[in-house]
Amino acid sequence: MAYKYLVIVESPAKGKTIERYLGKNYKVIASKGHVRDLPKSRMGIDFENNYEPDYITIRGKGPVVKDLKKYAKKAEKIYLAADPDREGEAIAWHISHALKLDNEDKNRVIFNEITKDAVKDAFKSPRAIDKDLVDAQQARRVLDRVVGYEISPILWKKVKSGLSAGRVQSVALKIIIDREKEIRSFKPKEYWSINGEFKKEKKSFEASFYGINSKKKDLPKQEQVSEVMDKIDKDRPWTVAEIKRSKRRRNPQKPFTTSTLQQDGANRLNFRTNKTMQVAQQLYEGVSIQRNQTVGLITYMRTDSTRISDTARNEAVSFIEENYGKEYVGTSKKTANSSNAQDAHEAIRPTSISRTPESIKKYLSKDQYRLYQLIWNRFIASQMKPAVYNTMRVDLIQNGVTFRANGSQLAFAGFTKVYKDRAAEKDNILPDLNEGEDVDLVKLDPKQHFTQPPARFSEATLVKTLEEIGVGRPSTYAPTLNTLRRRYYVTMKSKRFEPTELGEIVNDLIVEYFPQIVDVTFTADMEERLDEIEDGKQDWIELIDNFYKPFHKEIEKAEEEMEEIEIKDEPAGFDCDVCGHPMVIKMGRYGKFYACSNFPECRNTKPILKKIGVTCPTCKKGEIVERKTKRNRLFYGCERYPDCDFSSWDKPIGRDCPKCDEYLVEKRTRKQVQVVCSNCDYEEEPQK
Numbered sequence: 085m086a087y088k089y090l091v092i093v094e095s096p097a098k099g100k101t102i103e104r105y106l107g108k109n110y111k112v113i114a115s116k117g118h119v120r121d122l123p124k125s126r127m128g129i130d131f132e133n134n135y136e137p138d139y140i141t142i143r144g145k146g147p148v149v150k151d152l153k154k155y156a157k158k159a160e161k162i163y164l165a166a167d168p169d170r171e172g173e174a175i176a177w178h179i180s181h182a183l184k185l186d187n188e189d190k191n192r193v194i195f196n197e198i199t200k201d202a203v204k205d206a207f208k209s210p211r212a213i214d215k216d217l218v219d220a221q222q223a224r225r226v227l228d229r230v231v232g233y234e235i236s237p238i239l240w241k242k243v244k245s246g247l248s249a250g251r252v253q254s255v256a257l258k259i260i261i262d263r264e265k266e267i268r269s270f271k272p273k274e275y276w277s278i279n280g281e282f283k284k285e286k287k288s289f290e291a292s293f294y295g296i297n298s299k300k301k302d303l304p305k306q307e308q309v310s311e312v313m314d315k316i317d318k319d320r321p322w323t324v325a326e327i328k329r330s331k332r333r334r335n336p337q338k339p340f341t342t343s344t345l346q347q348d349g350a351n352r353l354n355f356r357t358n359k360t361m362q363v364a365q366q367l368y369e370g371v372s373i374q375r376n377q378t379v380g381l382i383t384y385m386r387t388d389s390t391r392i393s394d395t396a397r398n399e400a401v402s403f404i405e406e407n408y409g410k411e412y413v414g415t416s417k418k419t420a421n422s423s424n425a426q427d428a429h430e431a432i433r434p435t436s437i438s439r440t441p442e443s444i445k446k447y448l449s450k451d452q453y454r455l456y457q458l459i460w461n462r463f464i465a466s467q468m469k470p471a472v473y474n475t476m477r478v479d480l481i482q483n484g485v486t487f488r489a490n491g492s493q494l495a496f497a498g499f500t501k502v503y504k505d506r507a508a509e510k511d512n513i514l515p516d517l518n519e520g521e522d523v524d525l526v527k528l529d530p531k532q533h534f535t536q537p538p539a540r541f542s543e544a545t546l547v548k549t550l551e552e553i554g555v556g557r558p559s560t561y562a563p564t565l566n567t568l569r570r571r572y573y574v575t576m577k578s579k580r581f582e583p584t585e586l587g588e589i590v591n592d593l594i595v596e597y598f599p600q601i602v603d604v605t606f607t608a609d610m611e612e613r614l615d616e617i618e619d620g621k622q623d624w625i626e627l628i629d630n631f632y633k634p635f636h637k638e639i640e641k642a643e644e645e646m647e648e649i650e651i652k653d654e655p656a657g658f659d660c661d662v663c664g665h666p667m668v669i670k671m672g673r674y675g676k677f678y679a680c681s682n683f684p685e686c687r688n689t690k691p692i693l694k695k696i697g698v699t700c701p702t703c704k705k706g707e708i709v710e711r712k713t714k715r716n717r718l719f720y721g722c723e724r725y726p727d728c729d730f731s732s733w734d735k736p737i738g739r740d741c742p743k744c745d746e747y748l749v750e751k752r753t754r755k756q757v758q759v760v761c762s763n764c765d766y767e768e769e770p771q772k
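This note's numbering puts the first residue of the sequence shown at 85, with every later residue one more than the last.
Structure (structure tokens):
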């Protein structure tokens with residue numbers, strides 16, 4: 085079919101969606117991401133010529149570039165419609181270079197949502213490629229290449245091959261390891277609490293020890309608890325000394341940015357950061373809904389902005405009024421973006437409020453539906469009024485001892501009608517009490533506690549920390565965290581980051597020889613200056629030059645002074661079943677494993693398997709061990725594999741079902757563990 089205009093996007097899915105909107109005069113093709121990049125086999129930067137990058141066609145992209153040139157020859161006009169961010173601008177610039185287009189030509193088209201109106205409006209006002217945006221991406225790429233390609237070879241030489249360092253990656257690793265050091269050095273402190281159950285007529289309620297004579301008092305040791313208990317007369321009533329009633333408002337959260345979407349994706353949906361971004365990309369690029377209409381369901385998902393358009397706000401207000409009532413509509417106010425927010429973008433929101441999650445559920449995969457519902461609910465809730473709680477604080481006194489009870493009750497649901505706040509207060513309704521009246525003590529429960537060390541970082545809390553300190557940008561967090569796992573610098577234990585021995589060795593070396601690379605203040609300041617390139621306030625070559633000259637001196641010093649570190653193999657405690665030499669524990673790319681000490685003459689290896697103390701229910705000979713899939717998902721199998729092929733996602737517990745004699749397993753959720761039958765409907769009471 086003949087066409088006049090060629091439109092180049094980076095994603096085939098995005099191309100299919102917008103081609104439907106543009107009509108028969110337009111041909112839309114995809115570059116499938118970048119077509120040019122720095123070479124993998126060498127530095128690719130000319131340090132003698134203003135850090136000029138030596139871009140080459142990416143391996144495997146030759147046929148793509150050939151197709152682009154073929155289609156471009158037949159077009160009267162070429163439009164570059166890559167994503168509306170730094171990366172998209174750079175992709176457009178590289179394609180322009182490959183096709184020998186004029187960079188001053190107004191052929192760059194951007195839209196923040198893939199809907200018919202947004203796409204058509206964008207083609208009415210194309211602009212020239214923004215060289216400041218291109219330079220901002222180019223500066224980051226060059227800076228990351230310099231750091232990675234100069235430090236990594238030293239790590240290969242001094243520690244082991246296959247290691248890497250990175251500008252954001254190394255800071256993230258240091259943050260994880262610093263937290264681990266806090267945990268190791270933590271010394272628990274003892275403290276006590278006294279909880280009491282009280283009663284007015286037939287209504288019971290709880291109160292906790294507060295202090296003496298209405299002054300707060302801590303209970304560090306059992307001696308202080310005994311002193312308090314000695315003051316209390318269990319047979320005398322307690323007097324309601326003071327009641328304070330008030331209202332507490334809980335404001336809705338702002339619409340999602342990339343970072344907050346990643347955090348809630350982890351906390352609420354149990355998604356890894358990269359999965360959240362992959363599914364969001366699908367929702368942005370378009371999903372086929374009724375009558376084969378492909379439409380983008382959310383706005384662009386790489387954004388630091390919480391701003392929303394007036395049109396989106398008005399649509400949300402109308403929906404809230406119609407479905408919840410005028411009293412639920414929040415007050416309209418401008419949201420202040422962070423200093424580095426890309427304000428050309430909006431927050432992440434649905435492209436149309438009328439496409440409720442339930443109305444399009446049948447067209448979405450399970451993951452798409454869950455993430456779309458999260459984005460839709462958060463956006464609607466952000467335009468609603470705060471939740472209001474009636475709160476009540478009651479002080480009870482006897483013999484100078486004060487116990488305090490706190491009650492709260494939801495008075496107005498506000499935004500929680502749509503978006504349940506994880507931090508929301510649960511209703512705790514106290515009896516109708518009056519100052520001066522008496523209540524009875526039912527029982528006291530003194531308890532010993534110990535302070536807990538800080539928790540290890542989850543993906544959500546690490547992303548939040550990186551954003552708060554200004555290191556990296558939200559779009560880089562997912563690949564950064566993946567790299568830490570891939571290099572075996574960290575492992576995931578109970579969905580939290582735990583550094584490995586290898587990670588700690590690498591971190592110690594970088595901290596000693598390249599302190600600026602892992603200095604949070606320096607790295608955050610570098611991020612700000614990189615953002616200034618985007619605004620035309622900073623020359624990218626000058627920035628790289630100011631960084632590289634002192635950095636290269638650190639490289640030369642490290643090459644000369646850093647001592648080689650030998651990671652010694654641990655004895656495994658048994659001999660090789662092939663050649664009889666002792667087996668050892670080696671550290672590989674994916675963790676530790678057993679290997680023959682007679683390598684390379686003998687290449688026998690075995691995985692290190694963790695036994696769970698349960699006999700295999702299939703063969704009745706081997707023990708059940710923990711195994712992992714290629715995607716690092718835990719499952720349980722027989723140690724005699726492949727002679728026995730038993731496997732289970734759920735953990736066998738070594739007991740048989742009283743109904744059908746098949747094996748029982750543990751089903752685990754975030755809140756409980758439940759024993760169920762692997763075959764029938766038998767189940768036991770869940771354990772919290």
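Beta carbons are placed, not taken as given, at the ideal position from N, Cα and C, and that holds for glycine.
On a predicted model such as this, the values are computed, not experimentally measured, just so you know.
7 Å Cβ shell around Ser542 - same chain, five flanking residues per side excluded:
Taking the sequence shown and counting its residues from 1, the one referred to as residue 542 is at position 458. Cβ within range, chain order: Ala350, Lys579, Arg580.
Within its chain, find whatever has a CB closer than 8 Å to the CB of Ser816; leave out the 5 residues flanking it on each side and keep chain order.
As displayed, the chain neither begins before 85 nor continues past 772, which places residue 816 out of reach and without an answer.
What first and last residue would you give for the alpha helix (DSSP H) that runs through Met361?
Taking the first residue of the sequence shown as 1, we reach residue 361 at position 277. Counting along the chain, the alpha helix (DSSP H) containing Met361 begins and ends at 357-369.
Comparing alpha-carbon positions, which option in Phe658, Ser292, Asp505, Cys761 lies nearest Glu746?
Residue mapping note: residue 746 aligns to position 662 of the sequence shown, counting from 1. Comparing Cα-Cα distances from Glu746 to each of Phe658, Ser292, Asp505, Cys761, the minimum goes to Cys761.
Would you kindly work out how many angstroms separate the C-alpha atoms of Val574 and Glu234, rounded to a whole number?
In the sequence shown, the residue the question calls residue 574 occupies position 490. In the sequence shown, the residue the question calls residue 234 occupies position 150. Their Cα atoms are separated by approximately 22 Å.
How would you call Ala223, buried or exposed, if buried means at least 16 neighbouring beta carbons within 10 angstroms?
Translated into the one-based positions of the sequence shown, residue 223 becomes position 139. Flag for Ala223 reads buried.
Can you name the start and end residues of the alpha helix (DSSP H) that Phe207 belongs to?
The residue you call residue 207 lines up with position 123 of the sequence shown. Its alpha helix (DSSP H) spans residues 200-208.
Apply the 10 Å Cβ neighbour rule to Trp276 and answer buried if 16 or more other Cβ atoms are within range, or exposed otherwise.
Reading the sequence shown from its first residue, position 192 is the one you call residue 276. Here Trp276 is buried, its C-beta having at least 16 other C-beta atoms within 10 Å.
From Gly144, Lys445, Lys359, pick the residue whose C-alpha is nearest to that of Ala544; which is it?
Position 460 of the sequence shown holds residue 544. In this structure, Lys359 is the residue among Gly144, Lys445, Lys359 with its C-alpha nearest to the C-alpha of Ala544.
Among Val709, Pro726, Arg724, which one has its Cα closest to the Cα of Leu718?
For the purposes of this step, residue 718 is taken as residue 634 along the sequence shown, with counting starting at 1. Measuring from the Cα of Leu718, the nearest candidate turns out to be Val709.
Beta carbon of Pro96 nearer than 8 Å to that of Lys111
As a first step, residue 96 must be located in the sequence shown, where it is residue number 12. As a first step, residue 111 must be located in the sequence shown, where it is residue number 27. When the beta-carbon positions are compared, Pro96 and Lys111 stay at least 8 Å from each other.
Alpha carbon to alpha carbon, how far is Lys652 from Thr584?
Residue numbering aside, residue 652 sits at position 568 when the sequence shown is read from its first letter. Residue numbering aside, residue 584 sits at position 500 when the sequence shown is read from its first letter. Going from the Cα of Lys652 to the Cα of Thr584 covers about 15 Å.
If you compare alpha carbons, which of Val231, Glu94, Val363, Lys676 is closest to Ala249?
Against the sequence shown, residue 249 aligns to sequence position 165. Out of Val231, Glu94, Val363, Lys676, the CA that lies nearest to the CA of Ala249 is found in Val231.
Between the Cα of Asp228 and the Cα atoms of Glu769, Pro655, Tyr632, which residue gives the shortest distance?
If you number the sequence shown from 1, residue 228 lands on position 144. When only C-alpha atoms are compared, the closest one is Tyr632.
Is Phe499 near Pro691, with beta carbons less than 8 Å apart?
Reading the sequence shown from its first residue, position 415 is the one you call residue 499. Reading the sequence shown from its first residue, position 607 is the one you call residue 691. Judged by beta-carbon spacing, Pro691 lies beyond the 8 Å limit of Phe499, meaning their Cβ atoms are not closer than that value.
Are three or more beta carbon pairs between the stretch 299-315 and the stretch 445-463 nearer than 8 Å?
Not touching, per the Cβ criterion.
Does DSSP classify Met313 as helix, strand or coil?
As a working mapping, residue 313 is identified with position 229 in the sequence shown. Assignment of Met313 by DSSP, reduced to helix, strand and coil, places it in the helix class.
Using three-state DSSP, classify Pro321 as helix, strand or coil.
Taking the sequence shown and counting its residues from 1, the one referred to as residue 321 is at position 237. Note: Pro321 maps to coil in three-state DSSP.
From Lys283, Pro168, Arg170, Gly246, residue whose alpha carbon lies closest to that of Lys527
Within the sequence shown, the letter at position 443 stands for residue 527. Nearest option by C-alpha distance: Lys283.
My output table needs one value for Phe598: the three-state DSSP class, helix, strand or coil.
Counting from 1 along the sequence shown, the entry for residue 598 is found at position 514. Phe598: coil per DSSP, three-state reduction.
Compute the beta-carbon to beta-carbon distance between Leu217 and Glu188, rounded to the nearest angstrom, for a pair I have assumed lies under 8 Å.
Here residue 217 corresponds to residue number 133 of the sequence shown, with the count starting at 1. Here residue 188 corresponds to residue number 104 of the sequence shown, with the count starting at 1. Actually they are not in contact, since the Cβ atoms of Leu217 and Glu188 sit about 15 Å apart, beyond 8 Å.
Could you check what DSSP says for Phe631 in three-state terms: helix, strand or coil?
One-based indexing of the sequence shown puts residue 631 at position 547. In this structure, Phe631 counts as helix in the three-state DSSP scheme.
State the Cα-Cα distance for the pair Ile327 and Ala291, rounded to the nearest angstrom.
Here the question's residue 327 lines up with position 243 in the sequence shown. Here the question's residue 291 lines up with position 207 in the sequence shown. For Ile327 and Ala291, the distance between alpha carbons rounds to 13 Å.
Spell out the partners DSSP gives Ile129 in its beta bridges.
On the sequence shown, residue 129 is found 45 positions in, with the first residue counted as 1. Paired residues: Pro137.
Throw me the rounded Cβ distance for the Pro530 and Met313 pair, which I believe falls under 8 Å.
The residue given as residue 530 occupies position 446 in the sequence shown. The residue given as residue 313 occupies position 229 in the sequence shown. A Cβ-Cβ separation of about 7 Å places Pro530 in contact with Met313 under the 8 Å criterion.
Alpha carbon of Ser681 to alpha carbon of Ile194, nearest angstrom
Counting from one through the sequence shown, the residue named residue 681 turns up at place 597. Counting from one through the sequence shown, the residue named residue 194 turns up at place 110. Their Cα atoms are separated by approximately 59 Å.
For Gly491, write down the residues that DSSP places opposite it in a beta bridge.
The count along the sequence shown starts at 1 and reaches residue 491 at position 407. Looking at the DSSP assignment, Gly491 forms a beta bridge with Met476.
Are the stretch 486-495 and the stretch 464-478 touching, with three or more C-beta to C-beta distances below 8 Å?
They touch, by the three-pair rule.
Could you tell me how far apart the beta carbons of Val91 and Ala176 are, in whole angstroms, since I believe they sit closer than 8 Å?
The residue labelled residue 91 in the question sits at position 7 within the sequence shown. The residue labelled residue 176 in the question sits at position 92 within the sequence shown. Contact flag wrong, Cβ pair sits at about 11 Å.
Should Asp219 be labelled buried (16 or more other beta-carbon atoms within 10 Å of its own) or exposed?
By 1-based counting over the sequence shown, the position of residue 219 is 135. Buried.
DSSP puts Thr689 in a beta bridge; with which residues?
Taking the sequence shown and counting its residues from 1, one reaches residue 689 at position 605. For Thr689, which the question treats as bridged, DSSP gives the partners Ala679.
Alpha carbon to alpha carbon, how far is Thr357 from Leu345? Give it in angstroms, no decimals.
On the sequence shown, position 261 is the one that residue 345 refers to. On the sequence shown, position 273 is the one that residue 357 refers to. Linking Leu345 to Thr357 through their CA atoms gives a straight-line distance of about 9 Å.
Going by DSSP, which residues form a beta bridge with Arg333?
Translated into positions along the sequence shown, residue 333 becomes position 249. According to DSSP, which records beta bridges pairwise, Arg333 is partnered with Val472.
Can you grab the Cα-Cα spacing for the pair Thr415 / Gln467, in whole Å?
As a working mapping, residue 415 is identified with position 331 in the sequence shown. As a working mapping, residue 467 is identified with position 383 in the sequence shown. Using only the alpha carbons, I get a separation of about 8 Å.
Could you give the C-beta distance for Leu122 and Asp138, rounded to a whole number, given that I count them as a contact under 8 Å?
For this step, residue 122 is matched to residue 38 along the sequence shown. For this step, residue 138 is matched to residue 54 along the sequence shown. Indeed they touch by this definition, with Cβ atoms about 7 Å apart.
Just reading off the beta strand (DSSP E) that Asp216 is part of, what are its end residues?
The count along the sequence shown starts at 1 and reaches residue 216 at position 132. Unbroken run through Asp216 is the alpha helix (DSSP H), 215-242; no beta strand (DSSP E).
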